[in-house]
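Scroll down for the structure; my scribbles are underneath it.
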């Protein structure tokens with residue numbers, strides 16, 4: 002029975018990973034598609050491959066998610082696995098809602114919110130210091146860094162190429178966006194696949210099939226494959242919001258946004274092992290490069306709707322996970 006419960010949790014975790022892929026596909030490719038640097042299908046295929054490769058670059062973020070957000074609820078027996086399952090249902094639910102409305106919210110923070118909500122509903126222990134240091138502070142700092150750094154990169158590009166021929170520069174930066182979009186997709190795989198790995202390892206620890214939080218190779222393979230498949234399935238609603246509705250991007254600005262966002266993703270993953278949001282990072286970078294044109298060029302109303310979704314993600318995913326736990330709890334008795 003315990004083995005069946007663990008398999009169920011792993012399957013649902015991979016479903017979440019798949020929804021993460023199609024929900025966040027826009028993160029890596031929306032700017033390249035909107036500037037016509039890449040066609041949608043080519044961009045999706047490239048992003049899927051780079052997501053797959055990125056998932057194999059490290060497991061530090063996975064260990065943070067698995068052991069640094071909530072105390073593993075082993076003492077609850079089968080109820081401990083229900084906590085993990087409810088967290089996943091909360092995250093999946095919020096992903097689907099925000100995907101339906103075309104809002105680029107954070108799958109990462111949905112998962113964190115789900116873990117917190119399920120733990121609280123089960124009278125479990127939330128590691129609030131870990132949530133503050135590894136989630137809340139990076140959640141606030143990374144968009145600010147993305148916005149400011151992207152603006153500086155764009156200003157530097159404008160100054161360096163101020164005497165360049167516009168059409169020649171456009172062609173050059175379209176080609177450069179192929180590289181920057183690939184780097185962004187690699188960073189997405191590095192960050193987001195690891196979050197699912199962390200939840201699967203948490204389930205293995207709770208179920209007694211593993212004692213530490215090292216990530217087994219087969220967990221990496223499953224998480225990488227599910228994220229890659231989800232990415233290839235697309236995320237057209239969010240892609241339109243990120244690529245066109247915030248600001249009309251040109252190739253230089255698309256390149257600057259993608260380069261900045263990927264740099265932030267790599268730094269937080271390798272240096273701080275922090276599970277930051279790829280969505281927030283690329284969106285704030287798009288806003289940063291857009292503001293260098295003129296503040297009125299950014300559609301701040303759309304940006305405001307995105308900000309509301311960011312603020313609501315953790316509490317709403319937590320609420321949905323708590324409700325899921327209360328509905329599932331009778332089946333553990």
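Numbering (this note's numbering), first residue to last: 2 to 334. Where is the CB? At the ideal position from N, CA and C, for every residue including glycine.
Shortest Cα-Cα distance from residue 147 to any of 263, 17 and 309 involves 263.
Residue ranges of uninterrupted alpha helix (DSSP H) with 4 or more members, entirely inside the region 57-129 and ordered along the chain, are 61-68, 79-101 and 108-122. In the three-state scheme derived from DSSP, where H, G and I count as helix and E and B as strand, residue 277 is classed as coil. The C-beta of residue 113 has 16 or more other C-beta atoms within 10 Å across all chains shown, which makes the residue buried. The residue from 177, 70 and 21 with its alpha-carbon nearest to that of residue 257 is 177. Taking residue 269 as the centre and dropping the five residues before and after it, the same chain places the C-beta of 139, 143, 275 and 277 closer than 7 Å to its C-beta, in chain order. A straight line joining the alpha-carbon of residue 44 with that of residue 203 spans about 33 Å.
Put simply, the backbone Cα of residue 162 is about 46 Å away from that of residue 94. By the neighbour-count definition (other C-beta atoms within 10 Å, threshold 16), residue 254 is a buried residue. Residue 119 holds the alpha-carbon nearest to the alpha-carbon of residue 86 among 318, 131, 119 and 70. DSSP places residue 189 in the uninterrupted alpha helix (DSSP H) bounded by 167-207. Closest in C-alpha terms to residue 33, from the list 182, 209 and 222, comes 182. By the neighbour-count criterion, in which a residue is buried when 16 or more other Cβ atoms sit within 10 angstroms of its Cβ, residue 168 is exposed.
Beyond the five residues adjoining it in sequence on each side, residue 107 comes within less than 7 Å, by CB distance, of 278, 280, 281, 311 and 314 in the same chain, given in chain order. Nearest neighbour of residue 309 by Cα position, chosen from 150, 261 and 102, turns out to be 102.
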